[in-house]
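Novice: I have a structure here, written as structure tokens, and I will follow up with some questions on it.
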Amino acid sequence: MRLDIFKSKLKNLKKTIKLYPMVLLAIFIATIFAIMGIWYIEIGALNSTLTADLLISSLYFAMSYMIVKLIISDKNIEITKDKKAMVYAIVSVIMGLVCYFLIIKVDKSFVLRNQITEMGLFVTLFVGMFIAGHFNKKNDYADYAVKIVLSIIESLIYCVTIFIGIVAILFTTKELFKLQFNLSNVIVSCAAVIFLLLNASIILSKFPLKYSDENLKIKWLLPFKLLFTRIIAPIFLIYGFILLLYIIKVVVLKTIPNNIITNLILWYGLLSVVVLFISKTVEDKFINVYNKIQPIILLILSVMMFYSIGIRISYYGVTEERYLVVVGGIFIVISMIYYLFFNKKTYITIPTTFLILALISSVGPLSAYNISRIDQKAKLEKMLVEENLLVDGKIKSQSNVNPAKIKEIKDKLDYFVVKHSTKELPYLGDKFTTSQEDMNRVFGFRGDEFESLYGQIRSFVNDRLEIDTTNYDRLLENIQFQYDSNTQNIENLGNQNVTFSKKSNIVVIKYKNETIGKFNIEIFNNRLEELWNLQGPDINTEDPDNLIKDEGVINNRKYKTILERAECVYDNGQKMTYYIKCLYTK
């Protein structure tokens, strides 16, 4: 009996090699490149970077070839036996070269050489294999796709079991016989062979090119059916209702949603797409109810998810991660609308939508890389202009920049160094880094000022200086307020007869509804930052040169606004308390 099973497996392997020789050859080459990368083997011009690129390109070729073969088989395109291999190879090579050269290596306009692009293309081609073999089928696509997934899961179980066994054998052999070899590299090399070459061979041996009506429909075993209908689906419903209750709380209390709600809804939504997809293959009364309620719940939750991620984007801009959250949300909304209104149709639309969104997110002008680069560059340049660090397209160093702003600028620059390239910022130069030396040379500050001041109390006191009151009639003291530079909010902490109004950077002071003075808060802040940077965080002075004031005429009334004290606990650099006195005429 065991011999028959072995012969059957061997027969399936031969059949797989005969059906997919080019696919297996490409995966074999990818495995070789993977092993070379593991052992840091460099042959001639093949360095580690090029080896990794060739590994990826080999996998692209294998999946491209598979897609072409499945489309030709599905459409029953008439190609002579002699020309089949040539057609498959030519089309697949073209697709592989497009992926490698045009998208990864040559495209300088979009600068798309990054992990998100490579992974996005991989996912696009992988999902494409699921779709390519099942266009225009009367049989439902859900059963077809689930059977492929089950084949992949079965193959992974085999591979994991084999891998664990080999690891145990290698470890035991090395320890018992005191052999000298790099165990970790051998193990990873075995993993490459098992999970690339062997895994692909097992999956391809079961890959369903065509299914007849009678063997396509999935017949779930009772334990698995009960697990899905009585445990998994109810848990998803309960979890959805919990998230709905949180949304009701946010709306009723008019609070800002917790940042984690975005990720909770996103992953819940993506998993729900899968659960609803599988539910198409299950016949059950509760599942019929679930299929109607779940899409409605997720459409409501998606509104909160977009609102929450919108807040993050408005404050911090678009990054690759936030871009993917938005795209994931769009996919969830489209899927839920489809499940809700087109439930009777084939579900091939779901993976097709995913494929299109994955491709858009990976390459082209609307990709995650490109959109995040444009947005982050715009936000960085806006900050530099606001702090007078970027003037007429050139960097102008400053010594009076708020350390909180320095941190924001440093974070943006770090983002470009890690995710993109400083070549995108022509005013910095190709060799610019965010080291303290480069930051100080280019901008006039080190970049770590915020961290060095974090938690300290910064204060400025200049209240003992004799003030010339000539030509003024009145003096109003005890003008005290706290200003939040983030919200632009002014909170009165002193004389309650005093009110403040702010337009642009000008704060107007009113006493008993009469305007008595004003000052430019940005000028005050810049002067404070300059003094703190020069003299330290604790300033107590009587030096006239350190006097911070604003004087002039407002509403035919002469005024002089003098800053006596200022202080802030340096945690985020946003809130500062001011003590002011104002001289003015009648």
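406 is the number that numbering that gives the first Met the number 0 gives to position 407 of the sequence shown; each next residue is one higher, with no gaps.
We put the beta carbon where it would ideally sit given N, CA and C, even for glycine.
None of these values were measured; they are calculated from a predicted model.
Where does the unbroken beta strand (DSSP E) through I508 begin, and where does it stop?
Specialist: Position 509 of the sequence shown, counted from the first residue, corresponds to residue 508. First-last of the beta strand (DSSP E) with I508: I505 to Y510.
Novice: For K395, which residues from the same chain have a beta carbon less than 8 angstroms from its beta carbon, with the 5 sequence-adjacent residues on both sides left out?
Specialist: Translated into the one-based positions of the sequence shown, residue 395 becomes position 396. N387, L388 and L389, listed in sequence order.
Novice: Under a three-way DSSP split, which group does E465 fall into?
Specialist: The residue given as residue 465 occupies position 466 in the sequence shown. DSSP places E465 in the coil class of the three-state scheme, outside both helix and strand.
Novice: Considering only C-alpha positions, which residue in the set G443, K376 and E380 is nearest to N399?
Specialist: Indexing the sequence shown from 1 puts residue 399 at position 400. Among G443, K376 and E380, the Cα nearest to that of N399 belongs to G443.
Novice: Just confirm the distance between the C-beta atoms of G132 and S72, as a whole number of angstroms; I'd bet it's less than 8 angstroms.
Specialist: Taking the sequence shown and counting its residues from 1, the one referred to as residue 132 is at position 133. Taking the sequence shown and counting its residues from 1, the one referred to as residue 72 is at position 73. Indeed, because the Cβ distance is near 7 angstroms, the residues count as touching under 8 angstroms.
Novice: Using beta-carbon positions only, say whether V252 and I299 come within less than 8 angstroms of one another.
Specialist: Counting from 1 along the sequence shown, the entry for residue 252 is found at position 253. Counting from 1 along the sequence shown, the entry for residue 299 is found at position 300. The residue you asked about is not Val; residue 252 is Leu in the sequence shown. No, these two residues do not count as a Cβ contact at 8 angstroms.
Novice: To the nearest angstrom, how far is the alpha carbon of T280 from that of I231?
Specialist: Locating residue 280 in the sequence shown gives position 281, where the first residue counts as 1. Locating residue 231 in the sequence shown gives position 232, where the first residue counts as 1. Roughly 15 angstroms separates the two Cα atoms.
Novice: With a threshold of 7 angstroms on Cβ separation, who are the neighbours of V274 within its own chain once the five nearest residues in sequence on each side are excluded?
Specialist: One-based indexing of the sequence shown puts residue 274 at position 275. The answer, listed in chain order, is I231, A232 and F235.
Novice: Nearest-angstrom Cα distance between S278 and I70?
Specialist: Residue numbering aside, residue 278 sits at position 279 when the sequence shown is read from its first letter. Residue numbering aside, residue 70 sits at position 71 when the sequence shown is read from its first letter. Taking the straight line joining both Cα atoms gives about 27 angstroms.
Novice: Under 6 angstroms Cβ to Cβ from K14, same chain only, skipping five residues before and after it: list those, please.
Specialist: The residue labelled residue 14 in the question sits at position 15 within the sequence shown. Correct list: empty, nothing qualifies.
Novice: When the distance is taken between beta carbons, is K146 closer than 8 angstroms to I217?
Specialist: Locating residue 217 in the sequence shown gives position 218, counting from the first residue. Locating residue 146 in the sequence shown gives position 147, counting from the first residue. Cβ distance < 8 angstroms, so I217 and K146 count as in contact.
Novice: Contact between the stretch 488-507 and the stretch 517-535 is defined here as three or more beta-carbon pairs at a separation below 8 angstroms; is this criterion met?
Specialist: yes
Novice: Are the beta-carbon atoms belonging to L358 and T123 less than 8 angstroms from one another?
Specialist: As a working note, residue 358 is residue 359 in the sequence shown. As a working note, residue 123 is residue 124 in the sequence shown. Yes.
Novice: In the structure shown, what three-state DSSP assignment does L412 receive?
Specialist: On the sequence shown, residue 412 is found 413 positions in, with the first residue counted as 1. Helix, per DSSP.
Novice: Which term fits P350, buried or exposed, when burial requires 16 or more other beta carbons within 10 angstroms of its beta carbon?
Specialist: Counting from 1 along the sequence shown, the entry for residue 350 is found at position 351. By the C-beta density criterion, P350 is buried, having at least 16 other C-beta atoms within 10 angstroms.
Novice: Considering just the uninterrupted stretch of the alpha helix (DSSP H) at N519, what are its terminal residues?
Specialist: Here residue 519 refers to the residue found at position 520 of the sequence shown. Where N519 is concerned, there is no enclosing alpha helix (DSSP H), although the beta strand (DSSP E) it sits in stretches over E513 to N519.
Novice: Can you give the Cα-Cα distance for L101 and L427, rounded to whole angstroms?
Specialist: Counted from its first residue, the sequence shown places residue 101 at position 102. Counted from its first residue, the sequence shown places residue 427 at position 428. Only weak support exists for where L101 lies, its pLDDT of 48 falling under 50; the value from the coordinates is given anyway. Whole-angstrom Cα-Cα distance: 28 angstroms.
Novice: Check the DSSP bridge columns for E490 and list the partner residues they point to.
Specialist: Counted from its first residue, the sequence shown places residue 490 at position 491. Paired residues: Q481.
Novice: Find the nearest neighbour of G309 within the set Y289, P256, L297 and P294, judged by alpha-carbon distance.
Specialist: In the sequence shown, residue 309 corresponds to position 310, counting from 1. Closest by alpha carbon: P256.
Novice: Contact defined as beta carbons within less than 8 angstroms: I believe Y322 pairs with A367. What is the distance between those atoms, to the nearest angstrom?
Specialist: Position 323 of the sequence shown holds residue 322. Position 368 of the sequence shown holds residue 367. That belief holds up - the Cβ atoms of Y322 and A367 are roughly 4 angstroms apart, short of 8 angstroms.
Novice: Excluding the 5 residues preceding and the 5 following A199 in the sequence, name in chain order all residues of the same chain whose CB lies nearer than 6 angstroms to its CB.
Specialist: Position 200 of the sequence shown, counting from 1, holds the residue named residue 199. Result list for A199: I26, in chain order.
Novice: Looking at the strands, I want to know which residues DSSP matches up with R473.
Specialist: As a working mapping, residue 473 is identified with position 474 in the sequence shown. Beta-bridge pairing links R473 to Y583.
Novice: Less than 8 angstroms between the C-beta atoms of E528 and N401, yes or no?
Specialist: Against the sequence shown, residue 528 aligns to sequence position 529. Against the sequence shown, residue 401 aligns to sequence position 402. Cβ distance < 8 angstroms, so E528 and N401 count as in contact.
Novice: Just curious, the alpha helix (DSSP H) that E153 is in, first and last residue?
Specialist: Numbered from its first residue, the sequence shown carries residue 153 at position 154. First-last of the alpha helix (DSSP H) with E153: Y140 to F176.
Novice: Let's test the definition: count the other Cβ atoms within 10 Å of the Cβ of L379 and tell me whether it reaches 16, buried, or not, exposed.
Specialist: Against the sequence shown, residue 379 aligns to sequence position 380. L379 is buried by the Cβ-count criterion.
Novice: Taking the DSSP output, what are the residues bridged to R445?
Specialist: Locating residue 445 in the sequence shown gives position 446, where the first residue counts as 1. Paired residues: none, contrary to the question.
Novice: Can you grab the Cα-Cα spacing for the pair L546 / V552, in whole Å?
Specialist: Against the sequence shown, residue 546 aligns to sequence position 547. Against the sequence shown, residue 552 aligns to sequence position 553. Roughly 19 angstroms between the two C-alpha positions.
Novice: Measuring only the C-alpha atoms, how far is K10 from K68?
Specialist: As a first step, residue 10 must be located in the sequence shown, where it is residue number 11. As a first step, residue 68 must be located in the sequence shown, where it is residue number 69. Their backbone Cα atoms lie some 21 angstroms apart in a straight line.
Novice: Do you know offhand how far D391's Cα is from V384's?
Specialist: On the sequence shown, position 392 is the one that residue 391 refers to. On the sequence shown, position 385 is the one that residue 384 refers to. Taking the straight line from one Cα to the other gives about 9 angstroms.
Novice: Would you grab the beta carbon distance between A64 and M128 for me? Rounded to a whole angstrom, and I think it's under 8 angstroms.
Specialist: Locating residue 64 in the sequence shown gives position 65, counting from the first residue. Locating residue 128 in the sequence shown gives position 129, counting from the first residue. Per the sequence shown, residue 64 should be read as Tyr rather than Ala. Actually they do not touch by this definition, with Cβ atoms about 10 angstroms apart.
Novice: Give me, in chain order, the residues of the same chain whose beta-carbon lies closer than 8 angstroms to that of L24; leave out the 5 immediate sequence neighbours on both sides.
Specialist: As a working note, residue 24 is residue 25 in the sequence shown. Excluding positions up to five away in sequence, the list is empty.
Novice: Grouping DSSP H, G and I as helix and E and B as strand, with all else coil, what is I347?
Specialist: Translated into the one-based positions of the sequence shown, residue 347 becomes position 348. I347 falls in the coil class under three-state DSSP.
Novice: To the nearest angstrom, report how far apart N287 and V126 are at their CA atoms.
Specialist: Residue numbering aside, residue 287 sits at position 288 when the sequence shown is read from its first letter. Residue numbering aside, residue 126 sits at position 127 when the sequence shown is read from its first letter. The C-alpha of V126 is placed about 27 angstroms away from the C-alpha of N287.
Novice: Check the DSSP bridge columns for N539 and list the partner residues they point to.
Specialist: Translated into the one-based positions of the sequence shown, residue 539 becomes position 540. In DSSP, N539 forms a bridge with V460.
Novice: Would Q487 be called buried (16 or more neighbouring beta carbons within 10 Å of its own) or exposed?
Specialist: As a first step, residue 487 must be located in the sequence shown, where it is residue number 488. Q487 should be labelled exposed.
Novice: Does the Cβ of S307 have 16 or more other Cβ atoms within 10 Å, making it buried, or fewer, making it exposed?
Specialist: Start at 1 with the first residue of the sequence shown, and residue 307 comes out as number 308. Buried, since its Cβ has 16 or more Cβ neighbours within 10 Å.
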